[in-house]
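K.L.:
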Amino acid sequence: MKRNVGPAGQTIYPALRYADARAAIEWLRRAFNAEPHVVYDAPDGTVAHAELLVAGNLIMLGNSRDDDYPVRSPKEANAVTGAIYVVLPDAAAIDELHANATAAGAKITHAPHDTDYGSHDFGVLDIEGHPWTFGTYKPELSGHP
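Going by the working numbering, the first residue of the sequence shown is number 5, and it counts up by one from there.
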């Protein structure tokens with residue numbers, strides 16, 4: 005069976021909602037060097053759907069709205085129910101992105117550090133409170149195809 009896959013075989017795509025998706029797209033560009041791939045406007049001028057390339061992977065996002073996809077930003081929900089982890093190639097890339105995110109005014113939740121499981125990572129909250137961690141640890145399945 006042929007499947008549509010994203011960059012480097014990506015088959016899982018984080019999907020986020022924001023109260024102000026346009027502001028989030030701009031912030032993600034500045035803080036994480038995200039590259040907008042597509043942006044579709046809703047009839048009311050908000051973002052119906054957008055796809056951004058972040059560290060070689062696509063994420064999807066759009067404005068929060070009342071529909072059958074009950075997702076809100078942490079800012080709107082006053083709660084965090086998930087997080088995003090992004091693998092970068094090495095500690096230098098982690099440190100560089102940390103500096104970029106800091107310069108963009110990101111709220112850093114933990115500064116770059118080495119973990120006890122072999123990663124070099126840092127954590128950040130985006131413009132509406134979604135938690136992101138960037139690290140060098142890449143989960144892999146041993147002995148699985």
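Ideal Cβ positions, reconstructed from N, Cα and C, are used throughout, including at glycine.
Because the structure is a prediction, the values reported are computed rather than measured.
Please determine, among Leu65, Lys79, Leu32, Ala108, the residue with the shortest C-alpha to C-alpha distance to Val43.
P.N.:
Residue numbering aside, residue 43 sits at position 39 when the sequence shown is read from its first letter. Taking only the C-alpha atoms, the option nearest Val43 is Leu65.
K.L.:
Mind listing, in chain order, the continuous alpha helix (DSSP H) runs of no fewer than 4 residues lying wholly within the segment 19-55?
P.N.:
Correct list: 25-36.
K.L.:
Name the one or two DSSP bridge partners that Pro135 has.
P.N.:
Walking along the sequence shown from the start, residue 135 turns up at place 131. Leu129, per the DSSP bridge assignment.
K.L.:
Please return the same chain residues whose Cβ sits closer than 8 Å to the Cβ of Lys142, not counting the five positions on each side in sequence.
P.N.:
Here residue 142 refers to the residue found at position 138 when the sequence shown is read from its first residue. Taken in chain order, the residues that qualify are Val91.
K.L.:
By Cβ distance, which residues of its chain are closer than 6 Å to Ile88, with the 5 residues on each side in sequence left out?
P.N.:
Position 84 of the sequence shown, counted from the start, is the residue given in the question as residue 88. Excluding positions up to five away in sequence, the list reads Pro18, Trp136.
K.L.:
Grab me the residues of Ala46's own chain with a C-beta within less than 6 Å of its C-beta, minus the 5 sequence neighbours each way, in chain order.
P.N.:
As a working note, residue 46 is residue 42 in the sequence shown. Closer than 6 Å at the Cβ level, and outside the excluded window around Ala46, lie Ala52.
K.L.:
For Ile4, count the other beta carbons within 10 Å of its own beta carbon; 16 or more makes it buried, fewer makes it exposed. Which is it?
P.N.:
There is no way to answer for residue 4, as the model of the chain reaches only from 5 to 149.
K.L.:
For a minimum of 4 consecutive residues, which ranges assigned as the alpha helix (DSSP H) are wholly contained in the segment 62-111?
P.N.:
78-81, 95-107
K.L.:
Which term fits Gly127, buried or exposed, when burial requires 16 or more other beta carbons within 10 angstroms of its beta carbon?
P.N.:
For the purposes of this step, residue 127 is identified with residue 123 of the sequence shown, where counting begins at 1. Gly127 should be labelled buried.
K.L.:
Taking the alpha-carbon of Lys79 as reference, which of Leu145, Ala28, Tyr73, Ala108 has the nearest alpha-carbon?
P.N.:
In the sequence shown, counting from the first residue as 1, residue 79 sits at position 75. It is Ala28 whose Cα lies nearest to the Cα of Lys79.
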